[in-house]
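S.K.:
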Amino acid sequence: MQDLKVTSWQLFGHDRLYVNLPDGTAIGWADRGSGTITVLHPRYRDAVTDALARQVPDLPALVGEEAPTVPPGPPPVPRIPPMRGMRRRGAVKEPGPLPAAPDAQVPVPEPAEAPQPAAARPAVSEPVAGPEAAPEPEPAPESGPRPEPGPAPVTMRRPAALPALTPANDLSQRRPGNQLREQLGETGTGAFVRVATGALRRHKDTDPRRGALAGERRVGAELKRLTRHGWRVLHSVPLPDGTEIGHLLIGPGGVFAVSTEHRPGASVRIEDGTLRVDDEAPQPYELDGRPGARRAREALEAYCAFDVPVQTVLVLTGVTALEVVAVPAGVSVYREREVSALAPLTGVLTATQVERVYDVARNAEAWLEA
Numbered sequence: 400m401q402d403l404k405v406t407s408w409q410l411f412g413h414d415r416l417y418v419n420l421p422d423g424t425a426i427g428w429a430d431r432g433s434g435t436i437t438v439l440h441p442r443y444r445d446a447v448t449d450a451l452a453r454q455v456p457d458l459p460a461l462v463g464e465e466a467p468t469v470p471p472g473p474p475p476v477p478r479i480p481p482m483r484g485m486r487r488r489g490a491v492k493e494p495g496p497l498p499a500a501p502d503a504q505v506p507v508p509e510p511a512e513a514p515q516p517a518a519a520r521p522a523v524s525e526p527v528a529g530p531e532a533a534p535e536p537e538p539a540p541e542s543g544p545r546p547e548p549g550p551a552p553v554t555m556r557r558p559a560a561l562p563a564l565t566p567a568n569d570l571s572q573r574r575p576g577n578q579l580r581e582q583l584g585e586t587g588t589g590a591f592v593r594v595a596t597g598a599l600r601r602h603k604d605t606d607p608r609r610g611a612l613a614g615e616r617r618v619g620a621e622l623k624r625l626t627r628h629g630w631r632v633l634h635s636v637p638l639p640d641g642t643e644i645g646h647l648l649i650g651p652g653g654v655f656a657v658s659t660e661h662r663p664g665a666s667v668r669i670e671d672g673t674l675r676v677d678d679e680a681p682q683p684y685e686l687d688g689r690p691g692a693r694r695a696r697e698a699l700e701a702y703c704a705f706d707v708p709v710q711t712v713l714v715l716t717g718v719t720a721l722e723v724v725a726v727p728a729g730v731s732v733y734r735e736r737e738v739s740a741l742a743p744l745t746g747v748l749t750a751t752q753v754e755r756v757y758d759v760a761r762n763a764e765a766w767l768e769a
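For our numbering, count along the sequence shown from 1 and bump the result up by 399.
1. Under 8 angstroms, with one C-beta from each stretch per pair, do the region 744 to 759 and the region 648 to 666 reach the 3-pair mark?
2. On the three-state DSSP scale, how would you describe residue 445?
3. Is residue 658 closer than 9 angstroms to residue 644 when the C-beta atoms are compared?
4. Helix, strand or coil for residue 766? Go by DSSP, reduced to three states.
5. Tell me which residues share the same chain as residue 695 and place their Cβ nearer than 7 angstroms to its Cβ, disregarding the 5 neighbours each side in the sequence.
6. For my contact list, residue 764 and residue 557 are in at a C-beta cut-off of 8 angstroms; report their separation, rounded to the angstrom.
7. Measuring only the C-alpha atoms, how far is residue 605 from residue 611?
8. Just tell me which of 434, 726, 405 and 408 has its CA closest to the CA of residue 686.
9. Assess contact between the region 751 to 760 and the region 710 to 726, defined as three or more Cβ pairs (one per stretch) separated by less than 8 angstroms. Is contact present?
10. For residue 407, which beta-bridge partners are listed by DSSP?
11. Rounded to the nearest angstrom, what separates residue 630 and residue 684 at their Cα positions?
12. Under the assumption that residue 573 contacts residue 666 (Cβ atoms under 8 angstroms), give the Cβ distance between them as a whole number of angstroms.
13. Would you kindly work out how many angstroms separate the C-alpha atoms of residue 409 and residue 571, rounded to a whole number?
14. Could you pull the start and end residues of the alpha helix (DSSP H) that residue 579 belongs to?
Structure follows, in structure tokens:
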């Protein structure tokens, strides 16, 4: 089956190579972490191993194979869409062709024979380069892990079609300030104990991250009030570079990438390109160069059949006074209690479009690199 496709998939702690039929149906995969090959149906056994050996030359490290127990008929299998921009590792090592020798293929390896799993993939272990060249590839597996040559490791790319939502990739349950919570240790099984202990402290916690986390939570609560007016809200949307969009507001008035800054007890004045705190001298302050709105528009329009304009909203929490003199077009600045001014905005997205944008935005795979 020469038309099989091998695609790379790295997410949620897995590093796999999927073998897909032309229609995108997965028939097996190789797991780089455990060193096993899984075939979803026995009749695809040879096709899966041959496709992996033919298209990914660095698979000698995968020496195991496990076939799941399946009922007589092929069960429903997950749809793994083809990945764009997949980088084939190790392709620069073997410039010559890599077809398997006809006499080296073993249809069904015997379990009692130790070398049989490796021999089931002759295209990897025996490149056709003449009888003298056969022993040369052997030392590579024996010398330990081979260093990755040339290019950087494979980066997970945005799929051409979004897979179905699962609890693992659904962002709708993420809470405000996810990164701050992780930094402060307020996640995991001991989170309740740590929070309860912190509440009983007699001294004041001076860590500014706790104030910032409190600000994120307050802004999240204010945005939640807008859901009664037909808006949708997501929190802590992860980006490929490790940063987050603090909040993503989606509704009839458009899409807003909301970021929060906590400045307790400060009097803030914002002009076009500068910010002044209390009586200090104005400092340069960029509002229109924030990447959140740009990245959100790119990700959402990749899966929506219509334009999705995204604007920037900055919310200042803890301030005693806020004066906004001038801001760039497409940028709004509010105090936390003023976020409700977004509720009556309409005329940008229809109700159907709002739901489509929300369905795309809540899927974590939509936010991978393009």
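For every residue, glycine included, the Cβ atom is placed at its ideal position computed from N, Cα and C.
M.R.: The relevant details are as follows:
1. At 8 angstroms Cβ cutoff, the stretches touch.
2. It is helical.
3. Closer than 9 angstroms, so yes.
4. Residue state for residue 766 is assigned as helix, using DSSP reduced to three classes.
5. Taking C-beta separations shorter than 7 angstroms and ignoring five residues to either side along the sequence, the partners of residue 695 in its chain run 644, 647, 654, 656 and 709, following chain order.
6. For a cut-off of 8 angstroms, the C-beta gap from residue 764 to residue 557 is around 7 angstroms, short enough to register as a contact.
7. C-alpha separation (whole angstroms): 12 angstroms.
8. For the options 434, 726, 405 and 408, the alpha carbon positioned closest to that of residue 686 is the one of 726.
9. The region 751 to 760 vs the region 710 to 726: no contact.
10. DSSP, once it has assigned bridges, lists 416 as partnering residue 407.
11. Taking the straight line from one Cα to the other gives about 30 angstroms.
12. Actually they are not in contact, since the Cβ atoms of residue 573 and residue 666 sit about 33 angstroms apart, beyond 8 angstroms.
13. Looking at the two C-alpha atoms, the distance is approximately 21 angstroms.
14. Counting along the chain, residue 579 sits inside the alpha helix (DSSP H) bounded by residues 577 to 582.
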